[in-house]
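Going from the sequence shown to this note's numbering is simple: count from 1 and add 387.
No residue lacks a Cβ here, since even glycine has one placed at the ideal position from N, Cα and C.
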Amino acid sequence: MELTINGSAHQVDVEPDTPLLWVLRDTLGMTGTKYGCGVAQCGACTVLIDGQATRSCVTSVDSVAGMAITTIEAIEQDAEGRKVVEAWVANQVPQCGYCQSGQVMAATALLKQTPHPNEDDIADAMMNLCRCGTYNAISAAVRQAAQA
Numbered sequence: 388m389e390l391t392i393n394g395s396a397h398q399v400d401v402e403p404d405t406p407l408l409w410v411l412r413d414t415l416g417m418t419g420t421k422y423g424c425g426v427a428q429c430g431a432c433t434v435l436i437d438g439q440a441t442r443s444c445v446t447s448v449d450s451v452a453g454m455a456i457t458t459i460e461a462i463e464q465d466a467e468g469r470k471v472v473e474a475w476v477a478n479q480v481p482q483c484g485y486c487q488s489g490q491v492m493a494a495t496a497l498l499k500q501t502p503h504p505n506e507d508d509i510a511d512a513m514m515n516l517c518r519c520g521t522y523n524a525i526s527a528a529v530r531q532a533a534q535a
């Protein structure tokens with residue numbers, strides 16, 4: 388099956404119901420997308436599928452064939468993604484950093500859909516868990532990226 392990931396075509400020989408997360412990490416070696424809970428609750432595995440924030444741990448690989456998959460490895464190639472990463476650095480968002488790739492992906496999807504989000508938009512979109520509790524810094528970084 389052919390997948391388009393970060394603008395490149397990848398041929399993968401996996402079972403159709405294999406979670407996209409495992410194809411990214413184990414088959415293709417793209418380990419920036421993290422495993423957190425395996426039940427789409429924490430958001431550590433968030434990637435963009437045709438621009439939409441998607442939990443890759445519960446997304447079967449056959450359901451995304453023919454779609455544009457973007458991972459954290461290529462997020463700075465996207466103008467919105469680059470603004471998000473710059474705001475993340477400027478606001479020193481990460482502590483342990485484990486959830487941050489999923490957070491950045493969710494923030495990028497938000498800004499692509501809502502270029503000037505209000506606080507409710509940010510709260511609704513940024514549902515990923517952060518065990519370090521950097522939610523205030525995450526919100527500040529999203530606001531900064533939106534103003535950039």
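- Query: How big is the Cα-Cα spacing for V399 and C432?
  - Reply: 19 angstroms
- Return the Cβ separation of A427 and V448 in integer angstroms, given the expectation that the two are a contact with Cβ distance under 8 angstroms. With 8 angstroms as the limit, A427 and V448 do not qualify as a contact, their Cβ atoms being about 15 angstroms apart.
- Flag this pair as yes or no: are the beta carbons of Q439 and A474 separated by less than 8 angstroms? no
- Item | Span of the alpha helix (DSSP H) around V476 | A466 to A477
- Cβ of A533 within 8 angstroms of Cβ of M513? no
- For A528 and Q482, the rounded distance between their alpha carbons: 14 angstroms
- Item | Pairwise C-alpha distance: L407 and D541 | Nothing can be reported for residue 541, as the shown portion of the chain is limited to 388 through 535.
- Item | Length of the line joining the Cα atoms of V491 and T405 | 24 angstroms
- Do G435 and A524 have their C-beta atoms closer together than 8 angstroms? Contrary to the premise, residue 435 reads as Leu rather than Gly in this sequence. Not a contact, by the Cβ cut-off of 8 angstroms.
- Query: With 8 angstroms set as the bound, which would you pick, yes or no: does the beta-carbon of T420 sit closer than that to a beta-carbon of chain B?
  - Reply: Here there is only one protein chain, and chain B is not present.
- Does DSSP put E506 in a helix, a strand or coil? helix
- Task: Kindly indicate the opening and closing residues of the beta strand (DSSP E) around C428.
- Result: First, the amino acid is wrong: residue 428 is Gln here, not Cys. Counting along the chain, Q428 falls outside any beta strand (DSSP E), and DSSP gives it neither H nor E.
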